[in-house]
Structure formats: structure tokens, C-alpha cells
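Under the working numbering, the first residue of the sequence shown is numbered 345, with each subsequent residue one higher. Before any comments, here is the structure.
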Amino acid sequence: MPRAIISPSVLASDFGQLTAECKRMIKGGAEWLHMDVMDGHFVPNITMGKLAEPLVACTISCPPGAPILACVSKGVPGIFMDCHMMVAEPEKWVNDIADAGGALYCFHLEATGDPLSVIKAIRARNMKVGVAISPDTPSTAITDEVANAADMLLVMTVYPGRGGQKFLERCVPKVAELRARFPDKDIEVDGGVGPNTIDVCAHAGSNVIVAGTAIFGAPNPDEVIAKLKASVNT
Ligand code: DX5
Ligand code: ZN
């Protein structure tokens, strides 16, 4: 199985100190930072600085939209931004996220009829590619062709849209199915993951672990990061 990677979700961080929060996570052992980008279409919430049409123009900049990501990338040298794009038209945001310093662009399979062309656009901007599936999407929806063209597969363990939800254990068998098909691929879990739910995920074969509330809400985030990593490595 590929190496363990811990990717704290900044959605649960103190947005007023975003760069400091990211630095704190890296110092505490996190390899990646998970940036949740929501467009108000694919999911009801918004964490984008710009809105896709046809919603009315909105100039507010809610972390972590592309303008915020650009600030984080500048303020945290060497950061690996794992961008989880909960957006209706994933191809539209590839350039913005690449310009903002995104390292990995993970789009939802449910959001496109042509995943291979989205992957091509992401590759053209030299980002790593992630393909996400929501709780109601079977693992078989990810074809071999799509998976082989991607670097990472994301199995959502909550319905996308907000942090702090309850872990859906019924999603875990999909991790095992994908691990059986793709022994060397990064497989990420996201949603309600923490010390109490990591073991089933790790056992099923997930190696990239997203946790928001469980890490930022802990008195000692470093300990939680270490515990999550140890579970994947055992
Ligand atoms: C949910 C997001 C998650 C979320 C995770 O839509 O994709 O990344 O922030 O937060 P927790 O770990 O609190 O469930
Ligand atoms: Zn996410």
C-alpha cells in the first residue's frame, strides 16, 4: 500500500489565521492540507471567492476560495494543497486553482459527463488528479480508464457540503473494492474521520486521510495526526 498521508481539512480551522494554522499542521506532521472548495451549486455552501454563473455576482471571499488559496500558497512555502472541488463544472476552475498554487485537483465524478477531458485539463496545468465519489455513487462508477488516469481516488464518508458530520461506515467497503482493483493508487477518505473511525478506513486500504474537526478540534492536533498515521502504517 502507498505511504500514509495526513491531510487536515482547513474548513475546521481558524480562518482568521489560515496561514498560521497550515504551518501548525505541517509542523505537527501533516503532509498535505485539504482545501474544500464549494460553489453553491454542486453543494449548497460556498467557499469560493468567485461564483459560477448564473448565480448573482458575489465579491465576498470565503476561505478557501481561489484568492485565499493563492494567499496560503504564498504564505506557506512548500505547502501541498489538496484541493477538493465540490463544484458543478469542474473544468471551469482548473486554471484558477492552478494559478493559486493548487498541487492536486480532485473533482467529483457526479459533476461531469466527461471525466477524461477534465483530467486532461488538470494535467495540462501540471496538477495531480483526484477523482471523488459521494456516498451514493458505487465504486464501479470509476472505470479502470479513469482510475488509471488519476493519481488519487477519494471515497467520501459523508455527503459533501460541510464539516463536522457523522462518519458513514457503509461507504467503507468501497475503499476495499478500490484498493483491490488499484493496489498502488492513493485512496483518500474524507468526512467524519478521526481516531474513532480511522481503523476501519485504514484496514480497508485508505492511505490518504482527511480530518477536519478531529484534528483542529483536538487539544493536541499533533497527537491526532500521529495516531491517524500510525493506524495507516500498521
Ligand atoms: C465535507 C468536506 C470535508 C470536511 C471534513 O464536505 O469535504 O473535507 O471538511 O470535515 P470533518 O473531518 O469535520 O468531517
Ligand atoms: Zn473535503
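Backbone N, C-alpha and C fix where the C-beta goes; we use that ideal spot for every residue, glycine too.
Residue i beta carbon near ligand 2 (any heavy atom closer than 7 Å)
i      : result
His452 : no
Asp383 : no
Asp530 : no
Val554 : yes
Ser353 : yes
Per-residue burial, residue i [other beta carbons within 10 Å of its own, 16 or more giving buried]
i      : result
Leu460 : exposed
Gly445 : buried
Gly549 : buried
Ala546 : buried
Lys510 : exposed
Glu365 : buried
Phe588 : Within the shown structure, residues of the chain are numbered from 345 to 578, placing residue 588 beyond reach of any answer.
Gly474 : buried
Ala555 : buried
Lys518 : buried
Thr487 : exposed
Asn551 : buried
Pro504 : buried
Cross-strand partners of residue i (DSSP beta bridge)
i      : result
Leu498 : Ala476 and Glu532
Phe424 : Bridge partners of Phe424: none, in fact.
His378 : Ser353 and Asp426
Leu448 : Asp426 and Lys472
Asp566 : Paired residue(s): none; Asp566 is not in a bridge.
Ile390 : Asp383
Inter-residue spacing [alpha-carbon to alpha-carbon] between residue i and residue j
i      : j      : result
Ala579 : Pro527 : Lying before the first or after the last residue shown, residue 579 is absent from the chain, which here runs from 345 to 578.
Ala432 : Tyr449 : 14 Å
Arg506 : Asn564 : 23 Å
Cys427 : Ser353 : 10 Å
Gly457 : Pro434 : 11 Å
Leu362 : Ala558 : 17 Å
Ser417 : Leu522 : 31 Å
Leu413 : Thr484 : 32 Å
Ile583 : Ala442 : The structure shown does not extend to residue 583, since the chain is modelled only from 345 to 578, so the question has no answer here.
Extent of the continuous alpha helix (DSSP H) run through residue i
i      : result
Ala548 : Ile542 to Ala548
Met369 : Leu362 to Lys371
Asp443 : Val438 to Asp443
Val431 : Here Val431 belongs to no alpha helix (DSSP H), and DSSP marks it neither H nor E.
Asp488 : Asp488 to Ala493
Val519 : Val516 to Arg525
Host beta strand (DSSP E) of residue i (start-end)
i      : result
Ala455 : Careful: Ala455 lies outside any beta strand (DSSP E) and carries neither H nor E.
Ile553 : Val552 to Ala555
Residue i CB to nearest heavy atom of ligand 1 below 7 Å
i      : result
Met369 : no
Ser550 : no
Pro509 : Checking the sequence shown, residue 509 turns out to be Gln, not Pro. For ligand 1, at least one heavy atom lies less than 7 Å from the Cβ of Gln509.
Pro504 : yes
Any non-hydrogen atom of ligand 4 within 7 Å of residue i CB
i      : result
His428 : Judged by which ligands are present, ligand 4 is missing from the structure shown, whose ligands are ligand 1 and ligand 2.
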